[in-house]
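Residue numbers 4 to 227, in the working numbering, belong to the letters of the sequence shown in order.
Report on one structure; see the data block that follows.
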Amino acid sequence: MLNDFFNLIFPKICFACNGVLLKQEEVICTSCQFSLPKTNYHLDEDNPLTKIFWGRVDVKNVAAYYYFKKGGRVQNLLHQLKYKGAKQVGERIGELYGFDLQKSNWIETVDYIIPVPLHSKKLKKRGYNQSECFARGLSKSTNKSLETTILYRKKHSETQTKKSRFNRWENVSEIFDVKNTEKLEGKHILLVDDVITTGATLEASVKVLLKVNCRVSIVTIASA
């Protein structure tokens, strides 16, 4: 009764559409779960995101859960996750996407899920890594192990938001490294991030992971 009274005074809000959540709903309302623009790229091995990396790095599979549209509900979700401290948004999206990924023919071969890391300075300022929140949700619903210590960001880089494709690549080309690599040798790694645009950050991450003699696939929350 106390919870019902509290929810009446301070109702839980859907992070996508700002509508009031029903009692059994969490983070994203049922209507948004079914109507947000899904790509279904995990079911198409030659999708447009996979083609971004052709001739650049050897990536096995690439997919994103949602299409990103400026001013849309997916942008609302990402804004809440990245700038408003709503870690539960990333975890919930990851959990939902994990269930969808199980319909693919490749997710079962994944051994570890690795989020693209933040530099320690940015991590300290923000307090959390939004990609790791997404990765935790994926790990929960796919039953794949989460690994957050091997891939790390050794240099702090500027924001990518207003950079050209070449400048994005130049900004992140040598900022990642790996340690304690024997754990990943011969394994299939699922590298995850929040958004994919030009793929520069993910490409830089993949390059250092491939030094470990492993296979790499990629999934993100959204495709810009």
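C-beta: ideal position from N, C-alpha, C; glycine also.
Beta-carbon contacts of residue i that lie in its chain and below 8 Å, excluding the five residues immediately before and after
i, result
"glutamine 83", "Phe18, Ala89 and Val92"
"lysine 158", "His122, Glu177 and Ile178"
"serine 148", "Asp114, Tyr115, Ile116 and Ser142"
"asparagine 183", "Thr152 and Ile153"
"arginine 59", "Gly202 and Glu206"
Residue j beta carbon less than 8 Å from that of residue i
i, j, result
"glycine 97", "glycine 140", "yes"
"tyrosine 70", "serine 220", "no"
"proline 118", "tyrosine 155", "no"
"alanine 66", "valine 195", "no"
"arginine 95", "glutamate 29", "yes"
"lysine 41", "tyrosine 68", "yes"
Residue i versus residue j: straight-line alpha-carbon distance, rounded
i, j, result
"phenylalanine 8", "glutamine 133", "Residue confidence is low: phenylalanine 8 scores 43 on pLDDT, short of 50, so the model does not pin down where it sits. Its coordinate-derived value is still stated next. One C-alpha to the other measures close to 32 Å."
"glutamate 111", "histidine 45", "13 Å"
"leucine 80", "proline 51", "23 Å"
"lysine 63", "alanine 207", "15 Å"
"isoleucine 153", "threonine 145", "21 Å"
"asparagine 216", "aspartate 61", "12 Å"
"lysine 85", "leucine 99", "18 Å"
"cysteine 136", "asparagine 43", "21 Å"
"valine 198", "glycine 74", "15 Å"
"leucine 5", "asparagine 21", "Annotation note: pLDDT 47 at leucine 5 (below 50); position unreliable, no value reported."
"aspartate 47", "valine 209", "21 Å"
"isoleucine 31", "lysine 87", "16 Å"
"glutamate 185", "isoleucine 192", "13 Å"
"lysine 26", "isoleucine 16", "11 Å"
"lysine 128", "alanine 138", "20 Å"
"leucine 39", "asparagine 108", "23 Å"
"isoleucine 224", "glutamine 78", "11 Å"
"phenylalanine 37", "lysine 72", "17 Å"
"glutamate 188", "cysteine 35", "40 Å"
"tryptophan 57", "aspartate 49", "10 Å"
Residues that DSSP places opposite residue i in a beta bridge
i, result
"glutamine 118", "Note on residue identity: the sequence assigns proline, not glutamine, to residue 118. BP columns for proline 118 point to Val195."
"glutamate 179", "Checking the sequence shown, residue 179 turns out to be phenylalanine, not glutamate. For phenylalanine 179, which the question treats as bridged, DSSP gives the partners Arg156."
"tyrosine 70", "Ser226"
"serine 220", "Leu193"
"leucine 149", "Ile116"
"isoleucine 16", "Val23"
"glutamate 29", "Ile31"
"valine 65", "Ile221"
"lysine 41", "Tyr69"
Cβ-heavy atom distance, residue i to the ligand SAM, below 7 Å
i, result
"leucine 25", "This structure lacks the ligand SAM, and indeed carries no ligand of any kind."
Buried versus exposed, by CB contacts within 10 Å (16 or more), residue i
i, result
"glycine 101", "buried"
"threonine 33", "exposed"
"glutamate 150", "buried"
7 Å Cβ shell around residue i - same chain, five flanking residues per side excluded
i, result
"aspartate 180", "Tyr155, Lys157 and Val211"
"lysine 190", "Asp114, Tyr115 and Cys217"
"leucine 126", "Asn132"
Neighbourhood of residue i by C-beta, 6 Å cutoff - its chain only, sequence neighbours within 5 removed
i, result
"valine 23", "Pro14"
"lysine 214", "none"
"threonine 53", "Val65"
"leucine 104", "His45 and Ile110"
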